[in-house]
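Structure first, then comments.
There are 2 protein chains.
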Amino acid sequence: MHLPLFLAALAPVSPDGALYLWIAIGVALVALAFAFFLARGVIASDAGTADMQVISNAIREGAEAFLKRQYQTIGAIALVLAVVVFAGYRLSPRTAPFAIKTVVSFLAGAVCSGLAGFTGMYCSIRANIRAAAAARTSLDRALKMALRGGAVTGLVVVALSLLGVASLFLIFGGLQNPQAVPYQLVGFGFGASLVALFAQLGGGIYTKAADVGADLVGKVEAGIPEDDPRNPAVIADLVGDNVGDCAGRGADIFESTAAENVGAMILGAALYPVFGLRGILFPLIILAINLMASIVGVLVVNTNEKEDPMRALNRGFYVTSALALLGFAAAVYGMLNGPGVQPLWLLGCGVIGLITAFLFVWITQYYTEARYRPVQSIVKASLTGPATNIISGLAVGMETPAMPVAAICAALLLSYYFGVQGLAGVSDVSSYAKGIYGTAIATMGMLSCAAYILAMDTFGPITDNAGGIIEMSNQPEAVRDRTDKLDSAGNTTKALTKGYAVGSASLAAFLLFSAYLEEIRSIVDQKINAAGAAGFMPHGWTFTDINLAEVPVFAGALLGAMLTYLFSSLAIKAVGRTAQMVVQDVRDQFRENPGIMAGTSKPDYARCVNIVTGAALKEMVVPGLLVVGLPVAVGLISRNFSPSYQAVAAILDAGKAITVPAINGVPVNLAGAKAVAGLLMVGTIAGVLLAMLMNNGGGAWDNAKKYIETGQYGGKRSEAHKAAVVGDTVGDPFKDTAGPSLHVLIKLLATITLVLAPLFV
Amino acid sequence: MHLPLFLAALAPVSPDGALYLWIAIGVALVALAFAFFLARGVIASDAGTADMQVISNAIREGAEAFLKRQYQTIGAIALVLAVVVFAGYRLSPRTAPFAIKTVVSFLAGAVCSGLAGFTGMYCSIRANIRAAAAARTSLDRALKMALRGGAVTGLVVVALSLLGVASLFLIFGGLQNPQAVPYQLVGFGFGASLVALFAQLGGGIYTKAADVGADLVGKVEAGIPEDDPRNPAVIADLVGDNVGDCAGRGADIFESTAAENVGAMILGAALYPVFGLRGILFPLIILAINLMASIVGVLVVNTNEKEDPMRALNRGFYVTSALALLGFAAAVYGMLNGPGVQPLWLLGCGVIGLITAFLFVWITQYYTEARYRPVQSIVKASLTGPATNIISGLAVGMETPAMPVAAICAALLLSYYFGVQGLAGVSDVSSYAKGIYGTAIATMGMLSCAAYILAMDTFGPITDNAGGIIEMSNQPEAVRDRTDKLDSAGNTTKALTKGYAVGSASLAAFLLFSAYLEEIRSIVDQKINAAGAAGFMPHGWTFTDINLAEVPVFAGALLGAMLTYLFSSLAIKAVGRTAQMVVQDVRDQFRENPGIMAGTSKPDYARCVNIVTGAALKEMVVPGLLVVGLPVAVGLISRNFSPSYQAVAAILDAGKAITVPAINGVPVNLAGAKAVAGLLMVGTIAGVLLAMLMNNGGGAWDNAKKYIETGQYGGKRSEAHKAAVVGDTVGDPFKDTAGPSLHVLIKLLATITLVLAPLFV
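Shown next as structure tokens:
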């Protein structure tokens, strides 16, 4: 629809630095090609015995059916929102010209996110049976199969995010108008967030409802082991691992990279006088380096029968990190250089980000692995029953934010300082903009291994499924040992990535705050300029007056924090209701067909899958719309009815000096923008802490149970084990539904406020 | 030490409105006399049989021993802090003149709070046996005995708070220098908060450790009923009700009234041009009205054998509210009047506060009473075991902040608007100051029944103890029925007051934010004035630039939110550890003396009481010091090392317009003040939500268990009941230790930042 613009972009204009855009696009295409090559390799491998294929096919059909119906629901919601955004932008003559661009980038973000999720899962649910088949001969081959299957997700997610942002930048004329176009890309992040929220929430409800339901009715009522083929919910449980952990986390990281990308470009635009186009394109190049480093990291991983698979995966991670760091240094020296710039300080910001990523992973390990104090305290508390198990698990969960918060504060303060130092010789840019760009570089550093980490994460559900297939098809002990080893490594990687995801969400959120404030400044600037002589803009004005002691801001902040609690409550209740439906169906199946328990006839797996699918998708709508609706309502209501607007007007009426942007002596109404800022910032802080509590508390409960199952304190079937199972069940919706959905919620708040910012001023 | 000042205050200067100060002091003294009269009446009553006295004496001795040791610990901490505050103030010549006044008011606040707590408990632990004795003849007499015993606490707490603030105002020369003296009273609030934090935390740890410990070992291991005299921990349990619920909540409300009083006086000082001295003294008169209305409310309560005691208590509450409203109206029309003022709007603010109090009580009832959906959902979830009980209880807890947050937002927005309207005709005062004073009036409205509500609250532990005494001394069934009825009403009042306490904490916190910002403005003003010609103050400057997108502010905010989680975690773990010591001691006693279980010899109650006392006091120190230390550390570190200071300096160096207060062209360093503001505000929001989750979640679990015990879903000893007991045990440290301590933490953050504000600039 903007064909002339597109052609203009391809025309041989080549401002300084335009080459980097083409490099980014090229690398994204290469990475996609490599992912295709990996996927073909995986799919061409041995797909195991007929027994195994029956199970694998059932998982595949269930997962694909879920995804299809999920995308239909999300698509419908996205279309409605696209119309709303379009209409909102068209309302005012000032925003009307951007309506189409915003909607196009919104839809592009949504489609790319969906595509990434679908491709990743397409490959994962085919990799699981190949990993299972490979485990019959060699641990190394099984490990590689699972990791490469996971790498498809990692690469496709990051590459599509990069490709989407880079192409839109090109198409919207970023090479001609580099300072304005980043603001027009915010829709891409919003589209990605929207899909991510529903993917993570729907998938999270599905996976835990199936898991809790299968456990409750299988282990507890019928007394059959986990993954027993007689349990009608067992396929739904395996499907859940794919749609929750795999498609959900993929959408989460897609959103992180997309939002961080756009936010960093907006902050780069503020430094245009220093770095020119290169400062804006820098985040794209970092993602490109991320892709190349991760490809190498995946290829170097190999192991032998003796080694702990986790060591092999970590080797790949270290290689990736080292390469990413080298690339980062090259990019900093190549792109962020110029008169008065000291690139070493800026590289330091990137290193801070990488170190923060490591710290988050270590802290997560400390809180969730059985050899440290926190899990041991839960184990000991299990000896006095379920109540003390729960109390100590919640106490551990509430303790967990302390160290990560200290790490985030240190990372932000240091990278801010490094940014100011690195650009100290540059004039005409405020120290604030310099420091904030430093924190943005740190965020890019933290995300600079995202593709590899996502590959490790997707490794989790693949090995989990491989283990399930091996278990259900009655393979020999040696094969089971291999898949058990892989499964255990997969559980670790899943827990670590959650720590990484929440850490990157908090850093990215800070970046996105800053982008929001910068966007409001830019909107006010346009508004004043449009007013001509009647407009007044104080020299050097920035939008920084987010005072929580103003009533609408405080109300916004309270509502933002409350939103995270209410959302979590709705998500957890949704799991409970959906799990009840699973329990009911399994009971019905056992009653209707006694042959199931006898082992003479097969349960109707598909029926159970269908029930969970329908229920999970229905349940995700209300909390999802709440998250979308609340910031919009707060912004619009405050903008139109807020007393703080009158307050400022009255100060001016009294004849005092004007220190705020004004048109005809009336200050620009910032009440809506301020209230939304309060909601965004405090909602983010509350969400980050609650997510840490839930992720780490849930992980600690899980591993306390597993520790007892290794035979400690009486082992399986002891009273302590029963107590630990209670804790594990409580932790399930925490760590796999509400917690991960909160990461996404945080970023959705940021992207929705970026997209709708023009409506709040 | 300031004798001349004191004499000057008594000299016949009588500025307009000084009479109100004498009225406030007079009413406080009358209320204290009336409390003495009530206490004498209670103590002169029949003290029951010798059997009953043995138990009552054991409770009394335990409670007094705990309180004595607790006050020693708190006293030592307070003295150390007094030295620190004194030294801090003496460091700078600007603050040195206020060092003595601040320390004096700090110690006065601490001593008054301690005195109020001691007096209240002195009477409560004597009222319990009198209420038990009265229950042998009449429900009406027992109800009155318990309520009047509670009223002593309520009246002493509010009267001492009023007397302390009013006397200090007088002694510090408030009648001569009314605009400056309110700032010198902030130490009073800090002293009160400090005692309250340790009283609530130590008492909360004590009460729940004894309760959980006694339950675990008694009910679960030995199979003996609650309050069975063979359980060595049973006296410790009854002592706990006094030291936690009674002394702890008393200190909490003392602090609320003291902090709200001082905060409202500071905001009143900002409106000095409009109302003069009367605007500053208005909060004192509202407390005086509160005392008179509550005295009448207590006196009108009576009941008969048939009536639900809750109805009788509510009648008293309605009478108190109606009288308070009348008094409020009279005070508004008498004191807040003048040219351009429309008192009806201001009265509206007070009405909003009263309505908010009612709303909080209703919402608390909805979430914690068995007849509504939330508790019923927990009851139903108990049918599928402890895990689902816990999940649904946590889901209810996370849902609970939604409605109260909506109520707070509405109350703040409306009262702000009413304030602006009511003072619309007044010039020379910003709309912001007008609106904020409106919210302050609403807060006073909410607290205008505090003394009666505190009486109802203290009614709870008195009736609980009375029930225990009756149970342990084997009284007839009819007597038990009476105390059961009273006990059940007491449980309700305890739950409702917690809702009220958190509601008033959140409104008061907003008031205290505003006071903090106003204080910083005043400190900067003094600093600029002291600099003479070198100082530059922009016209109409106020301290409003608390931007969460600045790194130190964001770090402060994150740390503030994290503090509430870490504090709760420490408190809950302390309960667990202390409870383990109780369990151990009971097991030891059963083993050492088999005659205990046989009923032939008496357990050593005092030994168990001593163990809990020592452990609870030891455990309260670390979390308490964390709360005191963190804001101080954030303020001082940010002030001295913050990059944002350099940032502002750099903006100015670039030759742009100065819009901030500066001395010799260098802006005043506000980095510390800003970071602390972030910590205070976001810490408050996080704390309020977490407290609601814990209070209401805990209350809902408790009542779900009680509902099943009425015979529903299998009644006592069914599987559902076992599951519900798990939830109740988890909820105990939530609702009685961490939750109530969080209310106090919120206010402590506010008062400590007010006291130390001069050190942060």
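Those sequence lines, one after another, are chains A and B. Residues in the first sequence are numbered consecutively from 1, following my numbering. Residues in the second sequence are numbered consecutively from 1001, following my numbering. C-beta: ideal position from N, C-alpha, C; glycine also.
Just to confirm, are residue i and residue j a CB contact at a threshold of 8 angstroms?
i       : j       : result
A:A466  : A:A132  : yes
A:V274  : A:V341  : yes
B:I1572 : A:I391  : yes
A:L155  : A:A293  : no
B:A1259 : B:A1508 : yes
A:A210  : A:G240  : yes
A:T95   : A:P758  : yes
B:G1535 : B:I1663 : yes
A:A247  : A:A199  : yes
B:V1298 : B:Y1516 : no
B:A1579 : B:V1212 : yes
Look at the alpha carbon of residue i and the alpha carbon of residue j, and state the distance between them as a whole number of angstroms.
i       : j       : result
B:G1503 : B:R1249 : 14 angstroms
A:Q475  : A:F358  : 38 angstroms
A:L344  : A:C409  : 22 angstroms
A:S431  : A:Y437  : 10 angstroms
B:E1255 : B:L1201 : 14 angstroms
A:F282  : A:F190  : 21 angstroms
A:A151  : A:L291  : 10 angstroms
A:L675  : B:V1479 : The residue asked about is misnamed: residue 675 of chain A is Ala in this sequence, not Leu. Spanning the two alpha carbons is a distance of roughly 57 angstroms.
A:G576  : A:P594  : 27 angstroms
A:L346  : A:F513  : 21 angstroms
B:Q1376 : A:L566  : 19 angstroms
A:E519  : A:Y206  : 37 angstroms
A:T767  : A:A214  : Beyond the ends of chain A as shown, which are 1 and 761, falls residue 767 of chain A; an answer cannot be given.
Does the beta-carbon of residue i have 16 or more other beta-carbons within 10 angstroms, so that it is buried, or is it exposed?
i       : result
A:W701  : buried
A:F760  : buried
A:P97   : exposed
A:S601  : exposed
A:E399  : buried
A:A330  : exposed
B:V1622 : exposed
B:Q1072 : exposed
A:E774  : Nothing in the structure corresponds to residue 774 of chain A, since chain A is present only between 1 and 761.
B:R1278 : buried
Report the neighbours of residue i on chain A: residues whose CB is nearer than 7 angstroms to its CB, in chain order.
i       : result
B:E1399 : L566, S569
Interface residues of chain B around residue i at Cβ under 7 angstroms?
i      : result
A:A557 : I1685
A:G276 : Those do not exist, as A:G276 stays about 21 angstroms from chain B at its closest Cβ, beyond 7 angstroms.
Give the interface partners of residue i over in chain B, defined as CB-CB distance under 8 angstroms, in chain order.
i      : result
A:S741 : Going along chain B, no residue has its Cβ under 8 angstroms from A:S741, so there is no contact; the nearest lies around 13 angstroms.
A:S514 : A1549
Exercise. For the stretch 597-629 of chain A, which residues have a beta carbon sitting closer than 7 angstroms to at least one beta carbon of chain B?
Worked result: none
Exercise. When you check each C-beta in the stretch 444-467 of chain A against every C-beta of chain B, which residues fall closer than 8 angstroms?
Worked result: none
For this session: Identify each residue in the stretch 518-549 of chain A for which the Cβ-Cβ distance to at least one residue of chain B is less than 8 angstroms, and report them in chain order.
Result: P538, H539, G540, T544, D545, I546, N547, L548, A549: these are the residues of the stretch 518-549 of chain A whose beta carbon lies less than 8 angstroms from some beta carbon of chain B, given in chain order.
For this session: Pull out every residue of the stretch 1412-1425 of chain B whose Cβ sits closer than 8 angstroms to any Cβ of chain A, in chain order.
Result: L1412, L1413, Y1416, Y1417, V1420
For this session: Check each residue of the stretch 570-583 of chain A: if its Cβ is closer than 7 angstroms to any Cβ of chain B, include it; give the result in chain order.
Result: Listed by position along the chain: I572, K573, G576.
Problem set entry | Within 7 angstroms of chain B by C-beta, residues of the stretch 708-732 of chain A in sequence order | V726, T729, V730
Problem set entry | Interface positions of the stretch 367-388 of chain A facing chain B (Cβ-Cβ less than 9 angstroms), listed along the chain | S377, A381, T384, G385, P386, A387, T388
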